[in-house]
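Read the structure below first, then the notes.
Residue numbers (the working numbering): 1 to 624.
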């Protein structure tokens, strides 16, 4: 990024740790140069782990330079440049984390001169030039910094205290059971682990229910019996409960005898078509990608981990072919629309997919363009720069991004749904078919090497005439309810995004994002942390908690530490700080009170419970 900016500014002379020229000096950071101080740097007594020292809450938090020779050298360069500068332009990643990284560096370097902020969504030369024409004073992003700071302080305070607390209180004293193992507790990682453990327990404790389904075959079409329950509206409470459990009430007879009685009643009677209903419908193109939905899609289609996808889309961003990836919106602002034609012209490898919309004014739909739904950055889209020099994996990810972008300018897919209702005696049967009349945007995926986006959903029915009648072949089949599916990385990311509420509806999911746990940019790292700490393991695509992970969640009684919903509320407060709707000092006061209460509650536990780490678990984790 620094080289791209230096090139645009004309700073072409290489120096030790910076570029220079045309009145500018362009230097850089790598990763987090600074971090919050370690406990013993606030209080020497905190160097030693003891229950008596908890809670550790410094009266004032401070930062330090990371202990690394490369970091120390670069920081000296930065400090020298900043102390001699007339002004500073902060060109860090345009997001909460990027703001925090650069602010800490400037604070530690003792920068005194005025600071302006560069805010860009892509690294193209055009975007950089436009960004420098629209620099804003650093104060404009103060709330962004405060939100990042509170996040860091919150993670430090809860993580440091809860980890020491649970390790000292519940770690086994038996060396063979993991006496030296640290029981790591994190603000986001622990609720995420709890999601996996609870799903695992639901699967293990699942007791299947047997039911019987009656169908009949008429004119090579399978008709399902219409149960009385289907004709009634579910109560709101039932709907809510079903949404929580993802468990649907089976549509069938509760006993074989009930089913056989109906079968016997209808077997010799003719099937008569009573009603034919045809409804026209339309399906909008799929939303553009935010980081989470891209990670979900890449995991589903290619088996890429969340972290792998993040690295790939970050590389696409650095290669200037896609926009900033660490985003949580699927919308574009209105001011991007005039640039869309130019971007489309840059997608030369995809011209064959644009025949339907060539020569037409590009569609602008509120489903995709909405200023109110965009905060720091917009959805991930191509920049229009030639996609050359990409690896095979990068090509796959870019292809997804490009097709989604082209798709938003296509018309809606049109279809017709036909429902046939028939009767045998007084028993109703029903069959439904769907016929796509205009695939529209769906052709974008039917031409791709992997058209998994558009499953074979068309079910054509023969032409029926109301009143027609004839013989049929009934059948009674035994079925069983199935347990919930284990999490994959894709479904876990969705659960983190919506604080554990699994919903398919995109608008509802958007509403729940406000209370999601973690940030889009950090969720991949959280999952990797759970692997590294031997709390979870992977079997093919399924995620399972290890015995240690299960024990750890079992031993935590404080809901705040393991509830996705409660942690999601905390995340919402951090976003509200960023939006100037919530006071950072209030957040800090609530944090201190919460951590103190957690410590006191655990201290009162006299159960003598322990978490063990078995060799078997350790070996399994090493194999991963």
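Built from N, CA and C at the ideal position, the CB exists for glycine as well.
Nearest candidate by alpha-carbon position, reference residue i, set the options
i           : options            : result
residue 310 : 579, 435, 524, 466 : 524
residue 226 : 3, 339, 426        : 426
residue 390 : 320, 554, 114, 284 : 320
residue 107 : 63, 136, 137       : 63
residue 375 : 313, 28, 279, 327  : 327
residue 381 : 287, 444, 92, 393  : 287
residue 347 : 370, 403, 393      : 403
residue 601 : 166, 372, 440      : 166
residue 406 : 353, 15, 132, 330  : 353
residue 308 : 522, 48, 42        : 522
residue 218 : 430, 444, 489      : 430
residue 1   : 361, 317, 487, 163 : 317
residue 83  : 110, 71, 61, 59    : 110
residue 364 : 383, 6, 410, 597   : 410
residue 568 : 498, 534, 96, 590  : 498
residue 224 : 280, 544, 203, 472 : 472
residue 120 : 383, 440, 547      : 383
residue 459 : 469, 205, 419, 209 : 419
residue 443 : 366, 464, 513, 357 : 357
residue 587 : 40, 155, 4         : 155
residue 435 : 222, 417, 582      : 417
residue 67  : 603, 38, 582, 421  : 38
residue 60  : 547, 50, 42        : 42
Buried/exposed call for residue i, threshold 16 Cβ in 10 Å
i           : result
residue 585 : exposed
residue 398 : buried
residue 480 : exposed
residue 207 : exposed
residue 182 : exposed
residue 158 : buried
residue 19  : buried
residue 579 : exposed
residue 387 : buried
residue 290 : buried
residue 151 : buried
residue 48  : exposed
residue 371 : exposed
residue 10  : exposed
residue 589 : exposed
residue 144 : buried
residue 102 : buried
residue 534 : buried
residue 532 : exposed
Integer-rounded CB distance, given that residue j should sit under 8 Å from residue i
i           : j           : result
residue 484 : residue 199 : 6 Å
residue 146 : residue 577 : 6 Å
residue 368 : residue 408 : 4 Å
residue 378 : residue 325 : Contact flag wrong, Cβ pair sits at about 11 Å.
residue 625 : residue 161 : Here the chain covers residues 1 to 624 and nothing more, so residue 625 does not appear.
residue 57  : residue 573 : Contact flag wrong, Cβ pair sits at about 18 Å.
residue 306 : residue 295 : 5 Å
residue 433 : residue 461 : 4 Å
residue 34  : residue 65  : 6 Å
Residue i CB to nearest heavy atom of the ligand HEM below 8 Å
i           : result
residue 414 : As far as ligands go, the structure on display features none, and thus does not contain the ligand HEM.
Close beta carbons around residue i, own chain, < 8 Å, minus the five adjacent residues each side
i           : result
residue 116 : 87, 88, 89, 90, 135, 136, 137, 138
residue 518 : 188, 192, 496, 526, 571
residue 466 : 273, 274, 275, 276
residue 266 : 216, 424, 425, 427, 474
residue 8   : 125, 128, 129, 132
residue 122 : 317, 320, 322, 323, 324, 383
residue 515 : 498, 499, 565, 568, 569, 571, 572
residue 220 : 462
Any C-beta of chain C under 9 Å from that of residue i
i           : result
residue 432 : The structure shown contains no chain C; it holds only a single protein chain.
Sequence-distant residues of the same chain with beta carbon closer than 6 Å to residue i, five excluded per side
i           : result
residue 253 : 212, 259
residue 312 : 393, 394, 397
residue 610 : 170, 172
residue 528 : 307
residue 4   : 123
residue 598 : 558
residue 244 : Model confidence at residue 244 stands at a pLDDT of 42, short of 50, so the residue's coordinates are unreliable and nothing is read from them.
Sequence-distant residues of its chain with Cβ nearer than 7 Å to residue i (five each side left out)
i           : result
residue 449 : Residue placement at residue 449 is poorly supported in this model, since its pLDDT is 48, which falls under 50; the coordinates still yield a value, given next. Within the same chain, residue 449 has no close Cβ partners at all.
residue 53  : 45, 46
residue 113 : 85, 86, 87, 88
residue 401 : 289, 322, 380, 381, 382
The stretch 486–498 in contact with the stretch 546–558 per 3-pair CB rule at 8 Å: Proximity of the stretch 486–498 to the stretch 546–558 falls short of the contact definition, fewer than three beta-carbon pairs being nearer than 8 Å.
Three or more C-beta pairs closer than 8 Å, one from the stretch 463–478 and one from the stretch 257–269: is that the case here? Short answer: they touch.
Would you call the stretch 19–29 and the stretch 70–89 in contact, with 3 or more CB pairs under 8 Å? By the Cβ criterion, the stretch 19–29 is in contact with the stretch 70–89, since at least three pairs of Cβ atoms, one from each stretch, lie closer than 8 Å.
Answer yes if the stretch 97–113 comes into contact with the stretch 533–541, meaning at least three C-beta pairs across the two stretches below 8 Å, and no otherwise. Output reads no: the stretch 97–113 does not touch the stretch 533–541.
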